[in-house]
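Student: Got a structure for you, questions after.
There are 2 protein chains.
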Amino acid sequence: MPLDRRLAKAVTVPSIPKLTKDVEIECAGCPIRHRAVCAKCAPDELTRLEEIKYYRSYEAGQAITWAGDEMGFVASVVRGVATISQTMADGRKQMVGLLLPSDFIGRPGRSSTPYDVTAVGEVTLCCFRRKPFEQLMATTPHVAERLLDMSLDELDAAREWMLVLGRKTAREKIASLLTIIARREATVGVPAMKGRITIDLQLTREAMADYLGLTLETVSRQISALKNEGVIELGTQRRIVVPDIRRLMAETGDDMDGGLIA
Amino acid sequence: MPLDRRLAKAVTVPSIPKLTKDVEIECAGCPIRHRAVCAKCAPDELTRLEEIKYYRSYEAGQAITWAGDEMGFVASVVRGVATISQTMADGRKQMVGLLLPSDFIGRPGRSSTPYDVTAVGEVTLCCFRRKPFEQLMATTPHVAERLLDMSLDELDAAREWMLVLGRKTAREKIASLLTIIARREATVGVPAMKGRITIDLQLTREAMADYLGLTLETVSRQISALKNEGVIELGTQRRIVVPDIRRLMAETGDDMDGGLIA
DNA sequence: CGTTTCGTTGAGTTAAATCAAAACTGGTGG
DNA sequence: CCACCAGTTTTGATTTAACTCAACGAAACG
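As you go down the protein sequences, you meet chains A and B in turn. Throughout the first sequence, residue numbering follows this note's numbering, covering 2 to 263 in sequence. Throughout the second sequence, residue numbering follows this note's numbering, covering 2 to 263 in sequence.
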C-alpha cells in the first residue's frame, strides 16, 4: 500500500462512542449464557455477576477501545461482530481476532489493551467494571476456569490463523476465512440445510484483506474467481452462500476429512 | 516450495524419543522457579507438585510430541529451546510458537495437541502426569491463575506474530524475530553489556523461514543484507551479535520508542 | 438525484519464490 | 592430519503471485 494512502487512513477521526441505555436482560434468558465467560457459573455466582453488569451498545464502525487506551471494564459480546486489530506506525493494519457473540473482551489484571477493538455491525456488550470483576475472579473459581478455557481456545485459533497468514495462497486464505466463519455459524445457528450454508459476514473487502494479510483488490479477485467456478455464490452485498461446504474446504489447503463424511 | 521437495521432507522418519534419567532438582533451586507455571505456588503447593514431577530430556531434533498424538503429561521447559509447528498435507510448515525456558507445554483438559513440538537444541522438561496435575489445578488456585496469565501472554505474542506474518516485509520479519529473541534473552540473561547483545539462536535458516513464513533463501539473503549494512554481525554459525539494539528495532517497522531512550 | 462509499476489473510492477549451483561447516574415519 | 561426506548456507538467474495504480460500476444515503 502506498504511504500517502495509508496515512490518509491512519488519521481518520474516530467516531465518538455512544452510550446506549439498553433493556436489562436477565442472565437466565441470555442468549450467550452457556458459552460466555459466565458459562460455568452456579446460580449464586450469577447473582453476583448480575449485580455488577451493565449493557452497552455500539453502532457500526464505532471504536470500542483504541490501542493504549485505558479500559475500565471487561465484557462479553452479546450480539454483533467486532474486530481486534493492530496498526503499524505507517498505517499497515492487521486484524488479529474476530469477536463473535460470547467472546470475551479485555484482560483481567491489565487496564489497557494493546489493540484496537472496533464494532463491525451493531454490537451489544455485557460489561463488568474491572475491579469488581477481578475480585469475583479471585473469590470464585468458575469464572477463572472458563476464562482459561476460552483463552486457550483463542490461542489455538490464533495459531491456526498464523498458518493461514504465513503459508497459504490468496485463494486458500479466502477459503479458510469463509470456512472458519461457516463452521462457527453452523455451531450456533440452524443445522445448515443439507450442507447449504449462508454466511452473513458484514466485513467489507478491506476488512477481509486486513484479516488475511492481503490487499482488498486481491480479495475481490479471488472471491470473483471462486464465484465464477461455482464454489460460492454471492447473495446481496456481503452475504455469501456456500452450496457445498466440502467443496469450499477442499480449497483451504487443509488436510480436510474433518470427520463429517456421511 | 515445489511439491516433490515438500513431500520428501514430510516423510522424513522421526527420531525415536529417548528417555534420559536426569538428576532430580529441588524446586527451590530450580532456574525457572519464579517464571514457570509454578511461580505463584506456596511451599505446600510446591511440595505437592514435587511429588508428581519428573524430568525428561530430548536431544536436538527430537520430537517431543506429534500433532494428533496422545500426550500423557504437561510440562515446563527447564532448559533449551523447542518449537511448536503445524504442517499442511502437502508439507508446507509454519511455526506457531517458540518455547523457551519457563514456557508451558500442553493443555489441561485435552490429551492430544494439534501441534508438532520439537526440540531445537538439547531440551530438558519438568513433566507432570496429566491426571494428577489436573487434580492439583482443581484444588489449588495458584497454578490455574499463573497458567491463565501465561496463556494470555502467549495469546498476545501470537497476535503480535500475526502482524509480522501478515503485514511485514522479509527484512522487517527478520529484524522482528531477532528483536523478540534479544528482548527475551535480555530479560533472563546478563543485562547486555552497553546495548551489545549476543543472540545464541540455535535455529537453522530453514527453521527461521518456517517461523517467518518465508523461504530459507530469502532468510539468508536478508540476513546477509543486514550484516553488510552493519546492523548485525555474524559470530560463529547460528550466533548473531547485535551491536545496537535500537538500530535493529528501527528495522522492524514497529512504532519503537519502547521507553528506553536515554 | 448527486454524492459517497464500496466493489470490480484491467494493466503494469515488484518482492519474494523457485530453480540451480557453488561454498562453507563440522564430524568421521583412514 | 587430512580427505571426505552430509547437511547447511550463500549467492545468482529467472519466474510468478500478489501488489500497485487507475478507472469504472453499483449500492447505499441523505
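No residue lacks a Cβ here, since even glycine has one placed at the ideal position from N, Cα and C.
Can you tell me whether A/Arg184 is buried or exposed, with buried defined as 16 or more other CB within 10 angstroms of its CB?
Tutor: The residue labelled residue 184 of chain A in the question sits at position 183 within the first sequence. Exposed, since its Cβ has fewer than 16 Cβ neighbours within 10 Å.
Student: Find out if the Cβ-Cβ distance for the pair A/Ala37, A/Ser113 is shorter than 8 Å.
Tutor: Residue numbering aside, residue 37 of chain A sits at position 36 when the first sequence is read from its first letter. Residue numbering aside, residue 113 of chain A sits at position 112 when the first sequence is read from its first letter. No, Cβ-Cβ distance for A/Ala37 and A/Ser113 is not below 8 Å.
Student: Along chain A, in chain order, which residues have C-beta atoms closer than 7 Å to that of B/Gly167?
Tutor: Position 166 of the second sequence, counted from the start, is the residue given in the question as residue 167 of chain B. Going along chain A in sequence order, the residues near B/Gly167 (Cβ under 7 Å) are Gln95, Leu166, Gly214.
Student: Cβ atoms of B/Ala145 and B/Ala61: under 8 Å apart, would you say?
Tutor: In the second sequence, the residue the question calls residue 61 of chain B occupies position 60. In the second sequence, the residue the question calls residue 145 of chain B occupies position 144. Not in contact: B/Ala61 and B/Ala145 (Cβ atoms no closer than 8 Å).
Student: Assign B/Arg57 to one of three DSSP states: helix, strand, or coil.
Tutor: On the second sequence, position 56 is the one that residue 57 of chain B refers to. In this structure, B/Arg57 counts as strand in the three-state DSSP scheme.
Student: Give, in chain order, every unbroken run of the alpha helix (DSSP H) that is at least 4 residues long and sits entirely within the region 92–152 of chain A.
Tutor: You should have 131–140.
Student: Considering Cα atoms alone, identify which of A/Asp117, A/Val165, A/Thr219 is closest to A/Thr88.
Tutor: Walking along the first sequence from the start, residue 88 of chain A turns up at place 87. Out of A/Asp117, A/Val165, A/Thr219, A/Asp117 has the C-alpha closest to the C-alpha of A/Thr88.
Student: Could you work out which residue in A/Glu135, A/Val75, A/Leu100, A/Arg93 is closest to A/Val272 when comparing CA atoms only?
Tutor: In the structure as shown, chain A begins at 2 and stops at 263. Residue 272 of chain A is therefore absent and cannot be evaluated.
Student: Thinking C-beta only, is A/Val79 closer than 8 Å to A/Ile33?
Tutor: Taking the first residue of the first sequence as 1, we reach residue 33 of chain A at position 32. Taking the first residue of the first sequence as 1, we reach residue 79 of chain A at position 78. Yes, Cβ-Cβ distance for A/Ile33 and A/Val79 is below 8 Å.
Student: According to DSSP, is B/Glu230 helix, strand or coil?
Tutor: Locating residue 230 of chain B in the second sequence gives position 229, counting from the first residue. Looking at B/Glu230 - three-state DSSP - the assignment turns out to be coil, as it is neither helix nor strand.
Student: Cβ of B/Gly196 versus every heavy atom of the ligand MG: is any distance shorter than 7 Å?
Tutor: As presented, the structure is devoid of all ligands, the ligand MG included, so that no description of it is given.
Student: Which partner residues of B/Ala64 appear in the DSSP bridge assignment?
Tutor: In the second sequence, counting from the first residue as 1, residue 64 of chain B sits at position 63. B/Thr119.
Student: Which residues in the same chain have their Cβ closer than 7 Å to the Cβ of A/Glu51, if we skip the five residues on either side of it in sequence?
Tutor: Walking along the first sequence from the start, residue 51 of chain A turns up at place 50. Closer than 7 Å at Cβ, skipping near neighbours: Cys28.
Student: Note down, in chain order, every chain B residue with its Cβ under 8 Å from the Cβ of A/Leu70.
Tutor: Residue mapping note: residue 70 of chain A aligns to position 69 of the first sequence, counting from 1. Looking at the sequence provided, one finds Asp at residue 70 of chain A rather than Leu. In chain order: nothing, as chain B lies at least about 15 Å away.
Student: Taking 8 Å as the threshold (beta carbon to beta carbon), is A/Leu148 in contact with chain B?
Tutor: Mapped onto the first sequence, residue 148 of chain A falls at position 147. Chain B, which has a Cβ nearer than 8 Å to the Cβ of A/Leu148, makes this yes.
Student: Just list the alpha helix (DSSP H) runs in the region 159–214 of chain A, keeping only unbroken ones of 4 residues or longer that don't cross its boundaries, in chain order.
Tutor: Runs found: 171–189, 206–213.
Student: Exposed or buried, what is A/Gln95 when buried is set at 16 or more other beta-carbons lying within 10 Å of its beta-carbon?
Tutor: Here residue 95 of chain A refers to the residue found at position 94 when the first sequence is read from its first residue. The residue in question, A/Gln95, is buried, as its Cβ has 16 or more Cβ neighbours within 10 Å.
Student: With a cut-off of 8 Å, does the C-beta of A/Glu155 fall near any C-beta of chain B?
Tutor: Numbered from 1 along the first sequence, position 154 holds the residue referred to as residue 155 of chain A. Taking Cβ atoms only, chain B reaches closer than 8 Å to A/Glu155, which makes this a yes.
Student: Straight-line CA distance for A/Gln136 to B/Gly73?
Tutor: Translated into positions along the first sequence, residue 136 of chain A becomes position 135. Translated into positions along the second sequence, residue 73 of chain B becomes position 72. Approximately 34 Å, taken between the alpha carbons.
Student: Note the first and the last residue of the continuous beta strand (DSSP E) segment covering B/Ile26.
Tutor: Here residue 26 of chain B refers to the residue found at position 25 when the second sequence is read from its first residue. Counting along the chain, B/Ile26 falls outside any beta strand (DSSP E), and DSSP gives it neither H nor E.
Student: Using DSSP's beta-bridge definition, name the partner residues of B/Arg80.
Tutor: Within the second sequence, residue 80 of chain B is the residue found at index 79, counting from 1. In the DSSP output, where bridge partners are listed per residue, B/Arg80 has B/Thr125.
Student: Should the region 152–164 of chain A be called in touch with the region 149–163 of chain B, which here means at least 3 C-beta pairs below 8 Å?
Tutor: Touching, yes.
Student: So what's A/Thr216 in DSSP terms, helix, strand or just coil?
Tutor: Locating residue 216 of chain A in the first sequence gives position 215, where the first residue counts as 1. A/Thr216 falls in the coil class under three-state DSSP.
Student: If we ignore side chains and look at the alpha-carbon of each, how far apart do A/Arg240 and B/Ser221 end up?
Tutor: Your numbering for residue 240 of chain A matches position 239 in the first sequence. Your numbering for residue 221 of chain B matches position 220 in the second sequence. Taking the straight line joining both Cα atoms gives about 44 Å.
Student: Run through chain B and tell me which residues come within less than 8 Å of A/Asp245, C-beta to C-beta.
Tutor: Locating residue 245 of chain A in the first sequence gives position 244, where the first residue counts as 1. The contacting residues do not exist; A/Asp245 stays about 20 Å from chain B at best.
Student: Can you list, in chain order, the residues of the region 98–124 of chain A whose Cβ is nearer than 9 Å to any Cβ on chain B?
Tutor: For the region 98–124 of chain A, which is checked against every Cβ of chain B, the residues closer than 9 Å are Gly98, Arg108, Pro109, Gly110, Arg111, Pro115, Tyr116.
Student: Please report whether the beta-carbon of A/Ile89 lies at a distance below 8 Å from any beta-carbon of chain B.
Tutor: Indexing the first sequence from 1 puts residue 89 of chain A at position 88. Going by the sequence as given, residue 89 of chain A is Met instead of Ile. A/Met89 counts as touching chain B.
Student: With A/Gly167 and B/Leu235 assumed to form a contact (beta carbons below 8 Å), what rounded beta-carbon distance in angstroms separates them?
Tutor: As a working note, residue 167 of chain A is residue 166 in the first sequence. As a working note, residue 235 of chain B is residue 234 in the second sequence. That belief does not hold up - the Cβ atoms of A/Gly167 and B/Leu235 are roughly 25 Å apart, past 8 Å.
Student: By Cβ distance below 6 Å, which residues in the same chain neighbour A/Cys42 in space, the five residues on each side in sequence not counted?
Tutor: Numbered from its first residue, the first sequence carries residue 42 of chain A at position 41. Contacts found: His143.
Student: Per the contact definition of three or more C-beta pairs closer than 8 Å, is the region 172–179 of chain B in contact with the region 239–254 of chain B?
Tutor: Output reads yes: the region 172–179 of chain B touches the region 239–254 of chain B.
Student: Starting from B/Trp162, find everything on chain A with Cβ-Cβ shorter than 7 Å and list it in chain order.
Tutor: Translated into the one-based positions of the second sequence, residue 162 of chain B becomes position 161. Within 7 Å Cβ-Cβ: Met163.
Student: Measure from the C-beta of B/Gly254 to each C-beta in chain A and report whether the shortest distance is under 8 Å.
Tutor: Translated into positions along the second sequence, residue 254 of chain B becomes position 253. True, the Cβ-Cβ gap to chain A drops below 8 Å.
Student: Specify, as a first and last residue, the run of the alpha helix (DSSP H) that A/Ile246 falls within.
Tutor: In the first sequence, the residue the question calls residue 246 of chain A occupies position 245. Here the alpha helix (DSSP H) through A/Ile246 covers 246–250.
Student: Who are the near neighbours of B/Thr125 in its chain, counting only those whose CB is closer than 7 Å to its CB and skipping five residues on each side?
Tutor: Here the question's residue 125 of chain B lines up with position 124 in the second sequence. Same-chain partners within the cutoff: Asp23, Tyr56, Ser58, Val79, Arg80, Gly81.
Student: Under 9 Å between beta-carbons, which chain B residues line up against A/Ala145? List them in chain order, please.
Tutor: The residue you call residue 145 of chain A lines up with position 144 of the first sequence. Those within 9 Å of A/Ala145 in chain B are Pro142, Ala145, Glu146, Leu149.
Student: Using a Cβ-Cβ distance under 8 Å, would A/Ser77 count as near chain B?
Tutor: Position 76 of the first sequence holds residue 77 of chain A. It does not; no Cβ of chain B falls within 8 Å.
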